[in-house]
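**Q**
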Amino acid sequence: IDYFSVDLEGGEFDVISHIDYSKIDIKLFSIELAWEESRKKQYIDYLSQHGYRLAEIGTADVFMTKFNK
1 IDYFSVDLEG GEFDVISHID YSKIDIKLFS IELAWEESRK KQYIDYLSQH GYRLAEIGTA
61 DVFMTKFNK
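Residue numbers (my numbering): 1 to 69.
1) Leaving out five residues on either side along the sequence, give the residues of the same chain with a beta carbon under 6 Å from the beta carbon of Glu32.
2) Judging by CA-CA distance, which residue of Lys23, His18, Ser17 and Lys27 is the nearest neighbour of Phe4?
3) Determine the extent of the alpha helix (DSSP H) in which Glu45 is found, giving its start and end residues.
4) Cβ of Phe67 within 7 Å of Cβ of Ser30?
5) For Glu1, I'd like the list of residues in its chain whose CB is within less than 8 Å of its CB, leaving aside the five on either flank, ordered along the chain.
Structure (structure tokens):
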């Protein structure tokens with residue numbers, strides 16, 4: 001998957017935490033966190049554990065890209 005956008009008005013973590021990252025290769029995430037500003041670090045840390053790095057923080061979105069070694 002080249003680009004995966006998640007905007008569920010508060011349900012974003014439920015989606016990203018149920019993805020099997022060993023089977024699904026997502027190159028770029030955008031996650032809308034306007035409703036969960038206080039949890040932004042949790043999302044970044046979680047995806048970092050699955051091989052992603054922070055690409056950009058927008059006004060309401062966090063963009064994470066797959067880190068290729």
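Built from N, CA and C at the ideal position, the CB exists for glycine as well.
**A** Looking at the atomic coordinates:
1) Asp7, Ala60 and Asp61
2) Lys27
3) According to the sequence as given, residue 45 is Asp; it is not Glu. Where Asp45 is concerned, the enclosing alpha helix (DSSP H) stretches over Lys40 to Gln49.
4) no
5) According to the sequence displayed, residue 1 carries Ile and not Glu. Result list for Ile1: Ile24, Asp25, Ile26 and Lys27, in chain order.
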